[in-house]
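Trainee:
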Amino acid sequence: MKNSSSWIKRVVGAITLLMVAVLFAGCSSAKGAAKKVVHISYWHVNAQTQGGASVDELVKNFNKTHKYIKVTAKYNPNMYQGLMQNLQSAQASGKVPDIAQVGWAYTNYFASNFKYLTPTDAQNKFDSSKTFISKNFSKRTLSFAKDSKGNLVGLPYSLSTPILYYNKTMLDKYGISASSLSTWEGVSTAAKKIKEASGEYGLYIQEPGDTWAQQAMLLSNGAQIKKNGKATFASAAGVKAYQFYQDMVVKDKTALHTPWAQGIDDFVNGKVAIAYTTVAQASHIKKSANFNVEAITSPHFKGSTATVPVGGSMLAITAQKTEKQKAAWTFEKYMYKNSSLVTWTKGTGYLPPTQGALSSQAFKSYLNENPMLKPATSQIKTAVPWTSFPKNGLQAEQTMIDARDKILSGSSVQDTLKSAQEKINEQQ
Amino acid sequence: MNKIKENGWHILLLLICLVLLLPVIFMISNSFKTLRESYHSMLQIIPLHPTLSNYSTLGRQVNLLRLIWNTFFMATIVTLGKLVTGLLAAYAFKYFSFTGKRWLYFIFVSTIFVPFTVIMIPNYLVISKINLLNTALGVALPQLCDATGIMLFLKAMDKIPKSLIESVHIDGIPSYKILKDIVVPILRPSIISIGAIFFINSWNEYVWPTLILKDKSSFTLPLALENYISSEGGTNFPLAMALSTIMIIVPLLIYLIFQRYILNSISSSGLK
Amino acid sequence: MSSNSKKNRFLTIAYLSPTAIILLVFMIIPIIYTLYLSFFDWNLIAPTKDFVGLKNYTSIFTDPVNRKVLLNTVFYILLLLVLNFLIPYFISIIVKFFISKMQTSYKIIFFIPSLFSLVVGAMLFSWIMNPVSGPVAFFVRYLGVALPNWTNSGAMAIVMLCLITNWKVFGYNFVLLLTGLGSVPQNIIDATKMDNIPKWRMVWDIVLPLNKSIAFYVLILTIVQGLQYVFTPISVITQGGPYYGSSNILYHTYLNAFVLYKTGNASALAVITFLIFLVLLYLEIRFVEGRTDRYE
Numbered sequence: 001m002k003n004s005s006s007w008i009k010r011v012v013g014a015i016t017l018l019m020v021a022v023l024f025a026g027c028s029s030a031k032g033a034a035k036k037v038v039h040i041s042y043w044h045v046n047a048q049t050q051g052g053a054s055v056d057e058l059v060k061n062f063n064k065t066h067k068y069i070k071v072t073a074k075y076n077p078n079m080y081q082g083l084m085q086n087l088q089s090a091q092a093s094g095k096v097p098d099i100a101q102v103g104w105a106y107t108n109y110f111a112s113n114f115k116y117l118t119p120t121d122a123q124n125k126f127d128s129s130k131t132f133i134s135k136n137f138s139k140r141t142l143s144f145a146k147d148s149k150g151n152l153v154g155l156p157y158s159l160s161t162p163i164l165y166y167n168k169t170m171l172d173k174y175g176i177s178a179s180s181l182s183t184w185e186g187v188s189t190a191a192k193k194i195k196e197a198s199g200e201y202g203l204y205i206q207e208p209g210d211t212w213a214q215q216a217m218l219l220s221n222g223a224q225i226k227k228n229g230k231a232t233f234a235s236a237a238g239v240k241a242y243q244f245y246q247d248m249v250v251k252d253k254t255a256l257h258t259p260w261a262q263g264i265d266d267f268v269n270g271k272v273a274i275a276y277t278t279v280a281q282a283s284h285i286k287k288s289a290n291f292n293v294e295a296i297t298s299p300h301f302k303g304s305t306a307t308v309p310v311g312g313s314m315l316a317i318t319a320q321k322t323e324k325q326k327a328a329w330t331f332e333k334y335m336y337k338n339s340s341l342v343t344w345t346k347g348t349g350y351l352p353p354t355q356g357a358l359s360s361q362a363f364k365s366y367l368n369e370n371p372m373l374k375p376a377t378s379q380i381k382t383a384v385p386w387t388s389f390p391k392n393g394l395q396a397e398q399t400m401i402d403a404r405d406k407i408l409s410g411s412s413v414q415d416t417l418k419s420a421q422e423k424i425n426e427q428q
Numbered sequence: 429m430n431k432i433k434e435n436g437w438h439i440l441l442l443l444i445c446l447v448l449l450l451p452v453i454f455m456i457s458n459s460f461k462t463l464r465e466s467y468h469s470m471l472q473i474i475p476l477h478p479t480l481s482n483y484s485t486l487g488r489q490v491n492l493l494r495l496i497w498n499t500f501f502m503a504t505i506v507t508l509g510k511l512v513t514g515l516l517a518a519y520a521f522k523y524f525s526f527t528g529k530r531w532l533y534f535i536f537v538s539t540i541f542v543p544f545t546v547i548m549i550p551n552y553l554v555i556s557k558i559n560l561l562n563t564a565l566g567v568a569l570p571q572l573c574d575a576t577g578i579m580l581f582l583k584a585m586d587k588i589p590k591s592l593i594e595s596v597h598i599d600g601i602p603s604y605k606i607l608k609d610i611v612v613p614i615l616r617p618s619i620i621s622i623g624a625i626f627f628i629n630s631w632n633e634y635v636w637p638t639l640i641l642k643d644k645s646s647f648t649l650p651l652a653l654e655n656y657i658s659s660e661g662g663t664n665f666p667l668a669m670a671l672s673t674i675m676i677i678v679p680l681l682i683y684l685i686f687q688r689y690i691l692n693s694i695s696s697s698g699l700k
Numbered sequence: 701m702s703s704n705s706k707k708n709r710f711l712t713i714a715y716l717s718p719t720a721i722i723l724l725v726f727m728i729i730p731i732i733y734t735l736y737l738s739f740f741d742w743n744l745i746a747p748t749k750d751f752v753g754l755k756n757y758t759s760i761f762t763d764p765v766n767r768k769v770l771l772n773t774v775f776y777i778l779l780l781l782v783l784n785f786l787i788p789y790f791i792s793i794i795v796k797f798f799i800s801k802m803q804t805s806y807k808i809i810f811f812i813p814s815l816f817s818l819v820v821g822a823m824l825f826s827w828i829m830n831p832v833s834g835p836v837a838f839f840v841r842y843l844g845v846a847l848p849n850w851t852n853s854g855a856m857a858i859v860m861l862c863l864i865t866n867w868k869v870f871g872y873n874f875v876l877l878l879t880g881l882g883s884v885p886q887n888i889i890d891a892t893k894m895d896n897i898p899k900w901r902m903v904w905d906i907v908l909p910l911n912k913s914i915a916f917y918v919l920i921l922t923i924v925q926g927l928q929y930v931f932t933p934i935s936v937i938t939q940g941g942p943y944y945g946s947s948n949i950l951y952h953t954y955l956n957a958f959v960l961y962k963t964g965n966a967s968a969l970a971v972i973t974f975l976i977f978l979v980l981l982y983l984e985i986r987f988v989e990g991r992t993d994r995y996e
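Protein chains in written order, with my numbering: chain D, 1 to 428; chain F, 429 to 700; chain P, 701 to 996.
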C-alpha cells in the first residue's frame with residue numbers, strides 16, 4: 001500500500017514536471033522564434049590520419065562563435081567514393097546533409113543526380129555585396145568545379161596535385177641527381193640504374209580507384225583525355241606514354257605495380273626509390289621515412305610540358321530549406337577564411353584554394369617548414385580540371401581503371417586503350 | 429614408434445598455433461611502436477623503444493569508454509533479441525503443430541542464405557523512414573532475429589525428451605512456464621555458447637553500422653577504427669593496431685570466461 | 701480440446717510473430733524488392749526506372765567481366781572448401797584420434813582468431829604479407845627466396861584472401877567438426893582397437909560415414925559464409941583487382957550497386973547469388989536436417 005501511494009506521487013510529479021516543461025517550451029519558442037538555432041550537418045572524408053582533427057577544430061570554433069548555427073561534422077570512410085555512396089543512400093531516404101565535400105571525379109554525376117544550391121545562387125541570395133566568389137578564387141581554380149555545361153557546382157575546397165617523391169639517400173648513393181628526374185625519360189634511366197645497382201624498384205606510380213596519376217602522365221606527353229565531350233586518350237601520344245609506363249613495369253621491371261597502400265609502404269621502407277603520388281601523402285611519408293625524402297614537380301615527356309589534373313574536392317550545398325542554406329553558406333564562408341584554410345592545409349596536406357590563403361604569411365611559413373609542398377603549389381597554377389565525362393561518368397572512370405590494370409598486366413597498349421575509348425564514347 | 433608419430437603430429441599442431449597467433453602478436457607488438465619504428469624494425473617482435481603514445485593519442489582523440497559502451501550496448505541488444513526470438517520460434521516449431529510449418533521453417537532458414545548486399549539498401553531506407561538513424565536500436569532492429577539461432581536451438585531441443593514436455597503440458601502447466609522452467613535450464617550451455625558467438629559477431633560488425641551511425645557520439649569500435657584507415661592520407665598502422673588491441677579485449681574476456689561452454693557446446697547444441 | 705487448440709494457435713502465433721515480422725520487413729520484402737529492381741535500369745536515385753526485361757540477366761552470362769567473376773567465384777568455392785573445410789576436418793581427426801594429450805589446449809588456441817574482426821585481419825595480413833617490404837618478405841629474403849607479387853595476379857590474390865578468412869574461421873570450423881567426432885560412440889572405437897584395425901581404416905570406414913551430416917553442414921556453411929566473409933578482405937586489400945581477377949559475385953554485386961550505381965545489374969547478380977545459395981540450402985535440408993521426423 002505504501003508502495004503504491006509513492007508510485008502515484010511519482011507519476012503525478014512527473015506529469016506536473018512535464019506540463020511545466022511544455023509550458024516553458026511554448027513560451028520560449030514563441031519569444032525566440034526569430035533566433036532559433038539552425039542545425040546543419042557537414043559531410044567530409046577526412047580520417048583522423050588526414051585532417052580529421054582539423055575538421056573537428058574548425059567546426060568547434062565555428063559553433064563557439066556562431067550562436068544560432070550548430071554544425072555537426074560526419075566523417076565518411078573510403079574517400080569521395082564512400083561519401084558519394086552515403087550521399088546516394090541519404091538521397092534515396094530523403095535525409096541529405098546540408099553541405100558536403102564532392103570529389104572532382106564526381107562533379108558531373110553529382111550535378112545531374114542531386115539537388116544543390118550553386119555558390120553563385122547562394123551569393124546572390126544571401127550576400128549584399130556579390131563579390132565573395134570573384135574576390136577569393138581565380139578563374140582557373142573555379143574552372144575545376146564546373147560541370148560539363150560550364151556551371152559552377154560548388155566552391156573548390158581541397159586542391160592537390162601529384163608530385164614526384166624521391167629517396168634522396170638512395171639517389172645520392174647511386175649518383176643520381178634530382179634534376180635528371182624532370183622528365184619521364186630521366187626517371188626511367190634513374191630507375192634502371194637503381195634496379196641494376198641495388199635490385200630494388202626504381203619507381204612506383206599510385207594505383208588507387210582512379211587513374212588520376214596515369215592521366216597526368218598522358219597529359220604530360222601532349223595527349224588529351226577528352227575533347228569535345230569524347231574520350232581521346234587512345235591517341236598516338238596517349239599510347240606512347242602508356243607504352244613507356246608498361247615497359248617500365250612489364251619489360252624492364254624497374255617500376256612496381258601494386259595497390260596504393262602497399263606501394264607507399266614499399267617506398268617508405270626503401271624498396272622503391274621514387275614514388276609518384278599525391279601531395280596529400282607528404283606528411284605520412286615524412287613521418288614514416290627514416291631516410292632523406294624530397295619532392296619535385298611532376299615530370300613531363302621530352303618535347304612536352306608537364307600538365308597535371310587537379311585532385312581534391314569542392315564544397316557543395318545540398319541543404320533544401322532556405323534557413324539551412326543560409327547557415328551552410330555562412331559556414332562555407334567561415335571555412336574559406338585565411339586562418340581556417342591554413343588550419344585545414346596543415347591538417348590535410350592539401351593546398352588552399354583561395355588567393356588570400358595562398359599568399360598569406362601563415363601559409364608561406366608553413367611551406368618553408370614543409371618544402372615537399374612547394375612543387376605542388378607551383379603546379380597548381382597550370383593544373384587542369386580532372387576529366388569527368390558528362391554521361392555515365394562513373395562507368396567511364398571504371399573503364400579507364402580496367403584499361404590501366406590490363407596494360408600493367410601486359411595487354412597490348414594500343415588495343416586496350418582503343419577499346420576502352422570506344423566503350424566510353426558509346427555511352428556518351 | 430607410435431610415440432614418434434604422435435610427436436610429429438604435435439609439431440604440426442604447434443606450427444598451426446604459431447601461424448594462427450602470429451598476426452595477434454604482430455598486432456600487439458605494433459601497437460607499442462611509433463609509426464617510423466613500425467616500418468623500420470618490422471621483425472622486432474618486442475619493440476626496441478616501447479611507447480604508449482598510440483594509446484595516449486587514442487585517448488585524446490576519441491572517447492574510448494563511450495566507444496566501448498556503445499559497442500557493448502548494441503551487441504547486447506542484438507544478442508538478447510536473437511536469443512529470445514530464436515528460443516520462442518524454436519519452441520513453436522518443436523512443440524506446436526500447425527499448418528504450413530514446413531514451409532514456414534524453410535522460409536525462415538532460407539534467410540540465412542541471403543547475401544547482405546541484397547538487403548542493405550532497402551533496410552537502410554526503412555530505418556531512416558522510422559527515424560532510427562544514429563541509434564543503436566536502428567542498427568539492432570533488423571538483426572533482432574537470426575534464423576541460425578532458431579536452427580541451433582531446434583537441434584539443441586532434440587536433447588529434451590519429447591515425452592517430458594508432453595507430460596507437463598497435459599498437467600496444464602502453461603507453455604511459457606515450461607519454456608522458462610524446463611527448456612531454458614536444460615539448454616543453458618547452448619544458450620550461453622550461441623549467445624557468446626552472436627555477441628562476438630555483433631561486436632565486430634562493420635558494414636551495416638557504417639550506414640546507420642553517422643554521429644560520432646553513437647560510434648562503435650569498428651567505426652572508430654575506420655577513422656584511422658585512409659588511403660589518401662596514409663594509414664597509421666600502429667595507431668590502428670592499438671585500437672584493434674583495445675577492440676579485442678571484451679571478446680577475449682567473454683571467450684575466456686565462457687570458454688568451456690563455447691568450445692564444448694557450439695556443436696553439441698548445434699548438431700546431434 | 702477445441703479451446704486447447706485455439707489457445708495453442710494463439711501461442712503459436714505469439715511465439716512466431718516476433719521472428720516472422722522482423723524477417724518479413726527486413727529480409728523478405730527487401731528480397732522481393734531486389735527481384736523487382738532486377739528488371740530495371742536504374743541508378744538508385746533517378747526519378748524514373750527503365751524497364752529492361754531480362755537484359756540484366758542475359759548480360760550476366762554474356763559480359764566477359766561477369767563471366768570472369770563467376771569463374772572466380774567457383775575458384776573461391778573450391779579453395780574455401782579445401783582451406784576452411786578439408787584442412788580443419790583433417791586436423792580435427794588428428795586431434796581426436798591420433799594424439800593423446802593437449803587436445804583442450806589446441807582447441808582453446810585455435811579458436812582465438814575467430815574473435816577478431818575481419819577488418820583487423822585484413823589489415824594485418826596485407827601488412828605481414830606485403831610481397832616487397834613486409835616481414836615475411838624480409839624473412840624469406842634471408843633464405844634467398846623472393847615472395848611473388850601476389851597483388852598482381854588474380855589467382856594468387858584469391859589464395860591470399862582465402863587464407864585471411866581461413867585464419868578467422870579455421871578454429872571455429874575445427875571445433876564444430878571436433879565436437880561432431882566426439883559423438884561417435886566410444887564402444888565402436890574401442891571395438892576396432894580390440895580387432896587391431898589400423899586407425900586410418902577405422903576413421904575412413906566408420907567415423908567419416910557416421911559424421912556425414914555434421915560434415916555436410918560445415919561444408920555448406922563454409923561456402924555460404926566464406927563467400928560473404930571474403931568480402932571484407934577484398935574491399936580492404938584488392939578492391940577486386942587486378943582487372944576483376946580477385947572479385948567474386950558478392951563483391952561484384954557491391955561494385956555494381958555502390959560504386960557504379962547500376963542498381964539493376966547489381967540486383968540481378970544478387971538474385972543469382974541467392975538462387976545458388978538456395979540450391980545449397982535445399983541440399984542442407986536434404987542431408988543434414990533429415991526427413992520430416994523433426995517436426996513430428
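By construction, the Cβ of each residue, glycine as well, lies at the ideal position given by its N, Cα and C atoms.
Classify Ala30 of chain D as helix, strand or coil using the three-state DSSP reduction.
Mentor: Confidence at Ala30 of chain D is low in this model, with a pLDDT of 44, below 50, so the placement of that residue should be treated as unreliable; the coordinate-derived value is given next. If DSSP states are grouped into helix, strand and coil, Ala30 of chain D belongs with the helices.
Trainee: Would the beta-carbon of Lys251 of chain D fall within 7 Å of that of Glu200 of chain D?
Mentor: No, these two residues do not count as a Cβ contact at 7 Å.
Trainee: At a CB-CB cut-off below 8 Å, which residues of chain P make contact with Trp437 of chain F?
Mentor: Ordered by position in chain P, the residues that pass the 8 Å Cβ test against Trp437 of chain F are Ile794, Phe798 and Ile799.
Trainee: Using C-beta distances below 6 Å, list every residue in its chain close to Lys70 of chain D, excluding the 5 sequence neighbours before and after it, in chain order.
Mentor: The residues are Val37, His39 and Asn63.
Trainee: To which residues of the same chain is Tyr789 of chain P closer than 7 Å at the C-beta, ignoring the five residues directly before and after it?
Mentor: Excluding residues within five positions, the ones whose Cβ falls inside 7 Å are Leu877 and Ala915.
Trainee: Whole angstroms is fine: what's the gap from Leu373 of chain D's alpha carbon to Val310 of chain D's?
Mentor: Computed Cα separation, rounded: 14 Å.
Trainee: Mind reading off the beta-carbon distance from Val45 of chain D to Gly82 of chain D? Whole number of angstroms is fine, and I expect it under 8 Å.
Mentor: Correct: roughly 7 Å between the Cβ atoms.
Trainee: For chain P, find out if any of its Cβ atoms is closer than 7 Å to the Cβ of Leu516 of chain F; answer yes or no.
Mentor: By this cut-off, Leu516 of chain F is an interface position.
Trainee: Within the 7 Å Cβ cut-off, does Ser603 of chain F reach chain P?
Mentor: Yes, because at least one Cβ of chain P sits closer than 7 Å to the Cβ of Ser603 of chain F.
Trainee: Find the nearest neighbour of Ala100 of chain D within the set D:Ile407, D:Met314, D:Ala383 and D:Lys337, judged by alpha-carbon distance.
Mentor: It is D:Met314.
Trainee: Cβ closer than 8 Å: which chain P residues qualify as neighbours of Tyr519 of chain F?
Mentor: Within chain P, the residues near Tyr519 of chain F are Tyr715.
Trainee: Counting only beta-carbon separations shorter than 7 Å, does Gly821 of chain P have a partner in chain D?
Mentor: With 7 Å as the cut-off, Gly821 of chain P does not count as an interface residue toward chain D.
Trainee: Would the beta-carbon of Ile163 of chain D fall within 7 Å of that of Ala273 of chain D?
Mentor: No. Outside cutoff.
Trainee: Identify each residue in the segment 474–486 of chain F for which the Cβ-Cβ distance to at least one residue of chain D is less than 8 Å, and report them in chain order.
Mentor: The segment 474–486 of chain F vs chain D, Cβ under 8 Å: nothing.
Trainee: Given Gly393 of chain D, which residues of its chain have a CB within under 6 Å of its CB, disregarding the five upstream and five downstream residues?
Mentor: Here the set comprises Asn108 and Tyr109.
Trainee: Can you give the Cα-Cα distance for Asp172 of chain D and Leu203 of chain D, rounded to whole angstroms?
Mentor: Distance between the alpha carbons of Asp172 of chain D and Leu203 of chain D is about 16 Å.
Trainee: Taking the alpha carbon of Gly834 of chain P as the reference point, which residue from F:Tyr689, F:Leu680 and F:Phe665 has its own alpha carbon closest?
Mentor: For Gly834 of chain P, the nearest C-alpha among the options comes from F:Phe665.
Trainee: Could you say which of P:Ile794, P:Asn756 and P:Pro813 lies nearest to Val447 of chain F if we only look at CA atoms?
Mentor: The candidate whose alpha carbon is nearest that of Val447 of chain F is P:Pro813.
Trainee: Could you name the residues of chain P that Ser672 of chain F contacts, counting a contact when the two beta carbons are closer than 9 Å?
Mentor: Going along chain P in sequence order, the residues near Ser672 of chain F (Cβ under 9 Å) are Phe816, Ser817, Val819, Val820, Met823 and Leu824.
Trainee: If you scan the segment 433–484 of chain F from start to end, which runs of the alpha helix (DSSP H) of 4 or more residues do you find wholly inside it?
Mentor: Those alpha helix (DSSP H) runs which fall completely within the segment 433–484 of chain F and span 4+ residues are 463–468.
Trainee: So if DSSP puts Ala255 of chain D in a beta bridge, which residue, or which two residues, is it bridged to?
Mentor: D:Leu203, per the DSSP bridge assignment.
Trainee: Let me see if you follow: with CB-CB separation under 7 Å, is Asp147 of chain D close to chain P or not?
Mentor: No, Asp147 of chain D lies away from the interface with chain P (no Cβ there is under 7 Å from its Cβ).
Trainee: So what's Trp43 of chain D in DSSP terms, helix, strand or just coil?
Mentor: The answer is strand: DSSP assigns Trp43 of chain D an E or B state.
Trainee: I'd like to know if Val832 of chain P contacts chain D, where contact means its C-beta is closer than 7 Å to some C-beta of that chain.
Mentor: Yes, its Cβ sits closer than 7 Å to a Cβ of chain D.
Trainee: Between F:Ser658, F:Leu480, F:Gly623 and F:Leu532, which has its C-alpha nearest Thr712 of chain P's C-alpha?
Mentor: It is F:Leu532.
Trainee: Do Ala190 of chain D and Ile176 of chain D have their beta-carbon atoms positioned less than 7 Å apart in this structure?
Mentor: Going by C-beta atoms, Ile176 of chain D is nearer than 7 Å to Ala190 of chain D.
Trainee: Mind checking the segment 86–111 of chain D against chain P and listing, in chain order, the residues whose C-beta falls within less than 7 Å of any C-beta there?
Mentor: So the close ones are Gln88, Gln91 and Ala92.
Trainee: According to DSSP, is Thr922 of chain P part of a helix, a strand, or is it coil?
Mentor: Here Thr922 of chain P sits in helix by DSSP.
Trainee: Beta-carbon separation of Ser459 of chain F and Met669 of chain F under 7 Å?
Mentor: Cβ distance < 7 Å, so Ser459 of chain F and Met669 of chain F count as in contact.
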